[in-house]
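*Asks:* Just so you know, our numbering puts the end of the sequence shown at 567, numbered straight through with nothing missing.
In this text, a Cβ means the ideal position worked out from N, Cα and C, and glycines have one as well.
The structure is given below, and queries will be raised subsequently.
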Amino acid sequence: MGVDPLQQRRAILLSRPRRGAKCRLRINTSQAQKNAEALEMVAKRSGWELVNKSGHILWVVRKEDVAESLLQLQPGQWLSHIPGMHEACSKASLANAFKATASFWPRTWVIQGPERPDLADMLSSGFVIVKPNRGLQGKGIHLACSSDELQRALSDDVVVQQYISRPLLLDARKWDLRLYALVLPHEDGLRCWLAREGIARVCADIYEELSHTNAKRDTMHLTNYSLNKRSEKFVCNEDPGSGHRGGKRALSAVLLRLQKEKLRGAQIASAASVWEELGNLVQHTAGAMRDELQKLALDPSTWDGREEVVQAVHTKFSQSFHILGIDVLLDSSGKPWLLEVNCNPSFSLEEIHPSAGLAKASDVPRALGQPCGCPAHPQVHTHQLSPVDMAVKLPVLEGAVTIVSQLTSTDPTAGTIYTALSR
């Protein structure tokens, strides 16, 4: 798909400044949506400039904005969204990519069209999870353990996935890992870097083995922050360096805690060994997605039949990069399982603080620190900056932009939290 030699990379680097002038990296955030706040914070501490026109990097969030940005992309500019990645990250596409090779991918069935897989086969290992193909934030997820339950949950665009029945617990609660990976198109696939920091997302309720009586308790079995933040048992974490408290914790702190405590039943020798396994999982994930991504990026139906966009993909594919959110579960033996790949991981820095003492919401919704009655929480609450999100997400963004802007240097990861994964 186009050429991607080192010379092409050099041609895409930032323009050299005039003699005596200093070149500032300019990021176009006119389409950055909810990422704009985090990008503004990163730009301030890195000396970068945010602009609404042109720029070295066009920051795009919505899939519908990718086509127009791609058509406008000039030599020397980058697009923060790899064409076709939105489609490649759907659960059905991932199932197609991993069906023959991935031991870290739970057994998955794609429900599309009139044909239905054998329900008995799907339920042979016990409970399954039914997920909307393009669902977000835990919306529309069903747990099922009988043919009747499963039949009621099925629709024309869902996937059914094996439930990992023995998760590694943290403070007697189920939890998972949100990883961040930077990927760039390369002539032989996807070049990949893994951020050596992430978020541990912890359920609000004490874990019980999944059964008919507790299958509806989402805050016991589903780790999504958007679900658990609504629980009265959810705890905010004010200390990113602590792996002992909160519904969101810095992953590095949690892994160091696991290493020190040797939690019963967990075969985790060290934090370094876990990071190595996670790196292997991310590398294999990127490798497995390559063919599906390229096929979808060049499919006219991806772009509503617009051939000019397909042509732009051919010529400008290598001018794109992507930050993926990769969700992983560790089972009781310490084995990592890939749950999902998120095309647009949230870089929101806010968290919800419910308070029974707040009787009335202010007239300005979602204003930081002010009583709020928005649908994010059933009680009157405040929106606060999350210390954990700031400690994790800002370095993830800053490191990704730094790597993209200095690819031809000896070590583009210098000063970042990223580690290059070998191709």
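Distance, Cα to Cα, K460 vs E331?
*Replies:* For the purposes of this step, residue 460 is taken as the residue at position 316 of the sequence shown. For the purposes of this step, residue 331 is taken as the residue at position 187 of the sequence shown. Distance between the alpha carbons of K460 and E331 is about 13 Å.
*Asks:* What would DSSP say about A165, mapped onto helix, strand or coil?
*Replies:* Within the sequence shown, the letter at position 21 stands for residue 165. A caution first: A165 carries a pLDDT of 39, below 50, which makes its placement in the model unreliable, though a value can still be read off. Three-state result, A165: coil.
*Asks:* Mapping DSSP to helix, strand and coil, what is T563?
*Replies:* Within the sequence shown, residue 563 is the residue found at index 419, counting from 1. Strand at T563.
*Asks:* Return the CA-CA distance between L529 and Q550, expressed in angstroms with no decimal places.
*Replies:* Along the sequence shown, read from residue 1 onward, the residue named residue 529 stands at position 385. Along the sequence shown, read from residue 1 onward, the residue named residue 550 stands at position 406. Approximately 30 Å between the Cα atoms of the pair.
*Asks:* Just to confirm, are A264 and L334 a CB contact at a threshold of 7 Å?
*Replies:* For this step, residue 264 is matched to residue 120 along the sequence shown. For this step, residue 334 is matched to residue 190 along the sequence shown. No; because the gap between Cβ atoms is not below 7 Å, this pair is not in contact.
*Asks:* So what does DSSP say about I470, is it helix, strand or coil?
*Replies:* For this step, residue 470 is matched to residue 326 along the sequence shown. Of the three classes helix, strand and coil, the one that applies to I470 here is strand, per DSSP.
*Asks:* Apply the 10 Å Cβ neighbour rule to A511 and answer buried if 16 or more other Cβ atoms are within range, or exposed otherwise.
*Replies:* Position 367 of the sequence shown, counting from 1, holds the residue named residue 511. Exposed, because fewer than 16 other Cβ atoms sit within 10 Å of the Cβ of A511.
*Asks:* Among the residues of its own chain, which have a CB less than 8 Å from the CB of L217, if the five just before and after it don't count?
*Replies:* Residue 217 sits at position 73 when you count from the first residue of the sequence shown. So the qualifying residues of the chain are L202, L223, A456, K460, Q463.
*Asks:* Just reading off the beta strand (DSSP E) that T526 is part of, what are its end residues?
*Replies:* Your numbering for residue 526 matches position 382 in the sequence shown. First-last of the beta strand (DSSP E) with T526: 525-529.
*Asks:* Helix, strand or coil for H428 per DSSP?
*Replies:* Within the sequence shown, numbered from 1, the residue matching residue 428 stands at position 284. Helix at H428.
*Asks:* Can you tell me where the alpha helix (DSSP H) with L326 in it begins and where it stops?
*Replies:* Looking up residue 326 in the sequence shown gives position 182. No alpha helix (DSSP H) contains L326, which is instead part of the beta strand (DSSP E) from 317-330.
*Asks:* Let me make sure I understand the geometry here. Which of H466, L371, K439 has the alpha-carbon closest to that of E495?
*Replies:* Locating residue 495 in the sequence shown gives position 351, counting from the first residue. Answer by Cα proximity: L371.
*Asks:* Whole angstroms are fine: how far does the CA of A441 sit from the CA of P227?
*Replies:* Residue 227 sits at position 83 when you count from the first residue of the sequence shown. Residue 441 sits at position 297 when you count from the first residue of the sequence shown. In a straight line, the C-alpha of P227 is about 5 Å away from that of A441.
*Asks:* Along the chain, where does the alpha helix (DSSP H) containing Q403 start, and where does it finish?
*Replies:* Taking the first residue of the sequence shown as 1, we reach residue 403 at position 259. Taken as a continuous stretch (DSSP letters only), the alpha helix (DSSP H) holding Q403 covers 395-405.
*Asks:* Is there contact here, the region 188-195 with the region 433-448, by at least three beta-carbon pairs under 8 Å?
*Replies:* Verdict: no, contact absent.
*Asks:* Just to check my reading of the structure: T557 and A564 have Cβ atoms closer than 8 Å, yes? What is that Cβ distance to the nearest angstrom?
*Replies:* Position 413 of the sequence shown, counting from 1, holds the residue named residue 557. Position 420 of the sequence shown, counting from 1, holds the residue named residue 564. Contact flag correct, Cβ pair sits at about 6 Å.
*Asks:* Using CA coordinates, which residue listed in S492, E451, G513 is at the minimum distance from L214?
*Replies:* Taking the first residue of the sequence shown as 1, we reach residue 214 at position 70. Considering only alpha carbons, the answer is E451.
*Asks:* Flag this pair as yes or no: are the beta carbons of L422 and F248 separated by less than 7 Å?
*Replies:* Along the sequence shown, read from residue 1 onward, the residue named residue 422 stands at position 278. Along the sequence shown, read from residue 1 onward, the residue named residue 248 stands at position 104. Their beta carbons are not under 7 Å apart, which means L422 does not touch F248 by this criterion.
*Asks:* According to DSSP, simplified to helix, strand and coil, what is H230?
*Replies:* Here residue 230 refers to the residue found at position 86 when the sequence shown is read from its first residue. Three-state DSSP puts H230 in a helix.
*Asks:* Does the beta-carbon distance from A325 to R393 come in below 7 Å?
*Replies:* Here the question's residue 325 lines up with position 181 in the sequence shown. Here the question's residue 393 lines up with position 249 in the sequence shown. No, the pair does not count as a contact, with Cβ atoms beyond the cut-off.
*Asks:* Thinking just about the alpha-carbon of each residue, which of R170, Q306, A413 is nearest to the one in G199?
*Replies:* For the purposes of this step, residue 199 is taken as the residue at position 55 of the sequence shown. With distances taken between Cα atoms, G199 lies closest to R170.
*Asks:* Output the boundary residues of the beta strand (DSSP E) element that contains S174.
*Replies:* For the purposes of this step, residue 174 is taken as residue 30 along the sequence shown, with counting starting at 1. From DSSP, the beta strand (DSSP E) with S174 extends over 170-175.
*Asks:* State the DSSP-derived secondary structure class of D475, mapped to helix, strand or coil.
*Replies:* What you label residue 475 is simply residue 331 of the sequence shown in a count that begins at 1. Looking at D475 - three-state DSSP - the assignment turns out to be strand.
*Asks:* How far does the beta strand (DSSP E) with E484 in it extend, from its first residue to its last?
*Replies:* Locating residue 484 in the sequence shown gives position 340, counting from the first residue. Here the beta strand (DSSP E) through E484 covers 480-486.
*Asks:* Kindly indicate which residue of P276, E231, E376 has the alpha-carbon position closest to the one of W253.
*Replies:* Taking the first residue of the sequence shown as 1, we reach residue 253 at position 109. Measuring from the Cα of W253, the nearest candidate turns out to be P276.
*Asks:* For S464, which residues does DSSP report across the bridge?
*Replies:* In the sequence shown, counting from the first residue as 1, residue 464 sits at position 320. Paired residues: L223.
*Asks:* Give a yes or no on whether the C-beta atoms belonging to A239 and V303 are separated by under 7 Å.
*Replies:* The residue you call residue 239 lines up with position 95 of the sequence shown. The residue you call residue 303 lines up with position 159 of the sequence shown. Their beta carbons are under 7 Å apart, which means A239 touches V303 by this criterion.
*Asks:* Can you give me the C-alpha to C-alpha distance between A397 and K188, rounded to a whole angstrom?
*Replies:* The residue labelled residue 397 in the question sits at position 253 within the sequence shown. The residue labelled residue 188 in the question sits at position 44 within the sequence shown. C-alpha separation (whole angstroms): 27 Å.
*Asks:* Going by C-alpha distance, which of D315, L323, R168 is nearest E352?
*Replies:* Residue 352 sits at position 208 when you count from the first residue of the sequence shown. Considering only alpha carbons, the answer is D315.
*Asks:* By DSSP's criteria, T252 is part of a beta bridge. Which residues make up the other side?
*Replies:* Against the sequence shown, residue 252 aligns to sequence position 108. Q305.
*Asks:* Which term fits R296, buried or exposed, when burial requires 16 or more other beta carbons within 10 angstroms of its beta carbon?
*Replies:* On the sequence shown, position 152 is the one that residue 296 refers to. Label assigned to R296: exposed.
*Asks:* Could you check where the beta strand (DSSP E) with H365 kicks off and where it finishes?
*Replies:* As a first step, residue 365 is located in the sequence shown; it is residue number 221 there, counting from the start. Premise fails: H365 lies in the alpha helix (DSSP H), 362-365, not in any beta strand (DSSP E).
*Asks:* Looking at I561 and E341, is the spacing between their C-beta atoms short of 7 Å?
*Replies:* For the purposes of this step, residue 341 is identified with residue 197 of the sequence shown, where counting begins at 1. For the purposes of this step, residue 561 is identified with residue 417 of the sequence shown, where counting begins at 1. Yes, they are a contact pair.
*Asks:* Ends of the alpha helix (DSSP H) at E495?
*Replies:* Here residue 495 refers to the residue found at position 351 when the sequence shown is read from its first residue. Looking at the DSSP string, E495 is not in any alpha helix (DSSP H); the run it does join, the beta strand (DSSP E), is 494-498.
*Asks:* Count the other C-beta atoms from every protein chain shown that fall within 10 angstroms of the C-beta of C518, then say buried if there are 16 or more, exposed otherwise.
*Replies:* As a working mapping, residue 518 is identified with position 374 in the sequence shown. Exposed, because fewer than 16 other Cβ atoms sit within 10 Å of the Cβ of C518.
*Asks:* Rounding to the nearest angstrom, what Cα-Cα distance links F465 and T357 in this structure?
*Replies:* Locating residue 465 in the sequence shown gives position 321, counting from the first residue. Locating residue 357 in the sequence shown gives position 213, counting from the first residue. Their Cα atoms are separated by approximately 45 Å.
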